[in-house]
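Participant:
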Amino acid sequence: MNPDNMQSEPIAVCGAGPAGLAAALTIAKQDRQAVVYERHADVGHRFHGDFQGIENWTSSGDVLEALAALGIEATFEYTPFREVVLYDPDGREYSYRASDPFFYVVRRGAGAGTLDNALKEQALSLGVPIHFNTPCSHLPNGGIVAQGPHRADAIAVGYVFETEQADGAFGVLSERLAPKAYAYLLIHAGRGTLATCLFDDFHNERHYLERTVAFFHDRVGVVMKNARRFGGSGNFLVPRTACKGSILYAGETAGFQDFFAGFGMRYAMISGHLAARALLTRRPQEYDNLWQRHFGRLLRASVVNRYLYTMLGDAGYRWFARGLKRATDPRARLMSLYAPSFWKASIYPIAHRAVVRRLRVTCVMEGCTCTWCRCQRATVAN
Numbered sequence: 208m209n210p211d212n213m214q215s216e217p218i219a220v221c222g223a224g225p226a227g228l229a230a231a232l233t234i235a236k237q238d239r240q241a242v243v244y245e246r247h248a249d250v251g252h253r254f255h256g257d258f259q260g261i262e263n264w265t266s267s268g269d270v271l272e273a274l275a276a277l278g279i280e281a282t283f284e285y286t287p288f289r290e291v292v293l294y295d296p297d298g299r300e301y302s303y304r305a306s307d308p309f310f311y312v313v314r315r316g317a318g319a320g321t322l323d324n325a326l327k328e329q330a331l332s333l334g335v336p337i338h339f340n341t342p343c344s345h346l347p348n349g350g351i352v353a354q355g356p357h358r359a360d361a362i363a364v365g366y367v368f369e370t371e372q373a374d375g376a377f378g379v380l381s382e383r384l385a386p387k388a389y390a391y392l393l394i395h396a397g398r399g400t401l402a403t404c405l406f407d408d409f410h411n412e413r414h415y416l417e418r419t420v421a422f423f424h425d426r427v428g429v430v431m432k433n434a435r436r437f438g439g440s441g442n443f444l445v446p447r448t449a450c451k452g453s454i455l456y457a458g459e460t461a462g463f464q465d466f467f468a469g470f471g472m473r474y475a476m477i478s479g480h481l482a483a484r485a486l487l488t489r490r491p492q493e494y495d496n497l498w499q500r501h502f503g504r505l506l507r508a509s510v511v512n513r514y515l516y517t518m519l520g521d522a523g524y525r526w527f528a529r530g531l532k533r534a535t536d537p538r539a540r541l542m543s544l545y546a547p548s549f550w551k552a553s554i555y556p557i558a559h560r561a562v563v564r565r566l567r568v569t570c571v572m573e574g575c576t577c578t579w580c581r582c583q584r585a586t587v588a589n
């Protein structure tokens, strides 16, 4: 794309998820035209009203305030959770309380009150056209690609349900229930989400989910009514570049997701905003500098965390649960565990080779305008 034309041409955004809509909001608020293309009939097609958390511990400030500063308003339903119960592999219970929320629980999907629907309504109110049922496979004039994950590096399977149980947030770290990851139970206002996340042994997902349901029934007493099964996948990468000329990749399409626990909504919306900024200033090549400065070191630190806990298994989970309990401020302790450091930077090359499967974001073919190549591939992870 000719940079001289970028000021007058509408900016194309492929994907109406949090990353794509955050980009569209940023563009519209600068009095430029964004056009969003979504291959499905509505937003939130991957979700079923399930609860997810927007993490609030990788920075000292509040994540909702940080998003508001980017122009993303919290018009969606959200619930702050300052108390969390965690079970270690032996079933020991640890309760944690913080003065500030550990995370904000939101619902995902197309329904009223969900994060996805709220972002859609914000974009439409600013006059952003969203073309549903419209795949976007080529961007000859450049634009932003935010089409969600293109492969499954991790999966989550579970149930959404109704319950009379009191509100609560529960997690369990156990290889028996969630290989290399964790299982969780979130309950709010008579609704619940129970799931196990797997970084390994995907083919036995049914067995892990059955064990997770039995565990939470035994330890928490949860009874699921009108339960509906759901599943999803996650894509992880620390790319060497998230640019292909004037085509910029955001959210999970770029692999921007925490390697340790899989929290990705924060990175998705920030990366969409940053991609839009780069195109608005007619400097698409600056996008790599922007995301690297905002969360690149956090992504690399999360690779090291994933590597260490994968190696340690249940022993590492026990250490994590006990260490968090000993902390005066468990949220601050989480922040320090997630924070970049010299020793993590030193270990990163080894951790990266062990953890990150090679995935391609950009073509090797000069002048290619496709949004995602499935032909010739080359390593771009660093």
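Numbering (my numbering), first residue to last: 208 to 589. All C-beta atoms, glycine included, are put in the ideal place defined by N, C-alpha and C.
Using CA coordinates, which residue listed in ALA385, THR576, ASP269 is at the minimum distance from ALA468?
Facilitator: Selected option, being the one with the closest Cα: ALA385.
Participant: Secondary structure at ALA552, three-state DSSP: helix, strand or coil?
Facilitator: In the structure shown, ALA552 sits in a helix (DSSP, three-state: H, G or I).
Participant: If you count every other CB in all the chains shown that lies within 10 Å of the CB of TRP598, and 16 or more means buried, which is it?
Facilitator: Past the edges of the chain, shown from 208 to 589, lies residue 598, and the structure says nothing about it.
Participant: Among the residues of its own chain, which have a CB less than 8 Å from the CB of GLY397, if the five just before and after it don't count?
Facilitator: Closer than 8 Å at the Cβ level, and outside the excluded window around GLY397, lie GLU369, THR370, GLU371.
Participant: Mind checking which residues open and close the beta strand (DSSP E) that includes VAL312?
Facilitator: 310-314 is the span of the beta strand (DSSP E), which, as asked, contains VAL312.
Participant: Are the beta-carbon atoms of LEU293 and GLY365 separated by less than 9 Å?
Facilitator: Taking 9 Å as the Cβ cut-off, LEU293 and GLY365 do not qualify as a contacting pair.
Participant: Take GLU412 and list the residues in its own chain whose beta-carbon comes closer than 8 Å to its own, dropping the five residues that flank it on each side.
Facilitator: Around GLU412: ILE362, VAL364, THR403, LEU405, GLY438.
Participant: Taking a contact to mean a Cβ-Cβ separation below 9 Å, would you say PHE502 touches LEU393 in this structure?
Facilitator: Going by C-beta atoms, PHE502 is not nearer than 9 Å to LEU393.
Participant: Using alpha carbons as the reference points, say which of ILE218, ASN348, GLY399, LEU416 lies closest to LYS432.
Facilitator: Comparing Cα positions, the closest option is GLY399.
Participant: Using the C-alpha atoms, what's the distance from GLU300 back to ARG525?
Facilitator: For ARG525 and GLU300, the distance between alpha carbons rounds to 11 Å.
Participant: Given this structure, state the Cα-to-Cα distance separating ILE234 from ILE218, to the nearest angstrom.
Facilitator: Distance between the alpha carbons of ILE234 and ILE218: 8 Å.
Participant: Suppose you measure from the CA of LEU331 to the CA of ARG504; what does that come to, to the nearest Å?
Facilitator: Using only the alpha carbons, I get a separation of about 34 Å.
Participant: Straight-line CA distance for LEU531 to LEU346?
Facilitator: The straight-line gap from Cα to Cα measures roughly 47 Å.
Participant: How big is the Cα-Cα spacing for MET518 and VAL427?
Facilitator: Taking the straight line joining both Cα atoms gives about 29 Å.
Participant: How is ARG565 classed by DSSP in three states: helix, strand or coil?
Facilitator: Residue placement at ARG565 cannot be trusted, given a pLDDT of 44 that sits under 50; what the coordinates show is reported in the next sentence. Of the three classes helix, strand and coil, the one that applies to ARG565 here is coil, per DSSP.
Participant: Taking only the alpha-carbon atoms, compute the straight-line gap between ARG538 and ALA388 and give it to the nearest angstrom.
Facilitator: Roughly 20 Å separates the two Cα atoms.
Participant: Does the beta-carbon distance from SER478 to ALA508 come in below 9 Å?
Facilitator: Contact: no.
Participant: For GLY298, which of helix, strand or coil comes out of DSSP?
Facilitator: In the structure shown, GLY298 sits in coil (DSSP, three-state: anything other than H, G, I, E or B).
Participant: Tell me the DSSP secondary structure of PHE466 in three-state form.
Facilitator: DSSP places PHE466 in coil when its eight states are reduced to three.
Participant: Would you mind giving the Cβ-Cβ distance between VAL511 and ALA558, rounded to the nearest angstrom? I have them listed as a contact below 8 Å.
Facilitator: That pair is a contact at about 5 Å.
Participant: Report yes if the C-beta distance between CYS221 and GLY349 is below 9 Å; otherwise report no.
Facilitator: In this structure, GLY349 does not lie closer than 9 Å to CYS221 by Cβ.
Participant: Could you check the C-alpha separation between VAL367 and ARG314 for me, to the nearest Å?
Facilitator: If I take the Cα positions, the gap works out to 11 Å.
Participant: PHE527 by DSSP, collapsed to three states: which one?
Facilitator: DSSP places PHE527 in helix when its eight states are reduced to three.
Participant: Measure the alpha-carbon distance for LEU416 versus ARG489 and round it to whole angstroms.
Facilitator: Approximately 48 Å, taken between the alpha carbons.
Participant: Are the beta-carbon atoms belonging to THR341 and TYR244 less than 9 Å from one another?
Facilitator: Result yes, Cβ atoms of THR341 and TYR244 sit closer than 9 Å.
Participant: In the structure shown, what three-state DSSP assignment does THR578 receive?
Facilitator: If DSSP states are grouped into helix, strand and coil, THR578 belongs with coil.
Participant: Check each candidate in LEU322, VAL242, GLY452 and name the one with the smallest Cα separation from GLY334.
Facilitator: The option with the nearest alpha carbon to GLY334 is VAL242.
Participant: Looking at C-alpha atoms only, which residue of ASP425, TYR555, ALA534 is the closest neighbour of TYR514?
Facilitator: Of the listed residues, the one whose Cα sits closest to TYR514 is TYR555.
Participant: With a CB to CB cut of under 6 Å and the five nearest residues on each side skipped, what residues in its chain are close to MET213?
Facilitator: For MET213, the predicted model reports a pLDDT of 45, less than 50, meaning its position is unreliable and no value from the coordinates is stated.
Participant: If you scan the region 315-360 from start to end, which runs of the beta strand (DSSP E) of 3 or more residues do you find wholly inside it?
Facilitator: Within the region 315-360, the complete beta strand (DSSP E) runs of at least 3 residues are 350-352.
Participant: Measuring straight from C-alpha to C-alpha, what distance separates PRO336 and ALA483?
Facilitator: Computed Cα separation, rounded: 16 Å.
Participant: Could you check the C-alpha separation between GLN354 and TRP550 for me, to the nearest Å?
Facilitator: Going by the C-alpha atoms only, they are around 34 Å apart.
Participant: On the CB-based measure, 16 or more other CB atoms within 10 Å of its CB, does ASN496 come out buried or exposed?
Facilitator: ASN496 should be labelled exposed.
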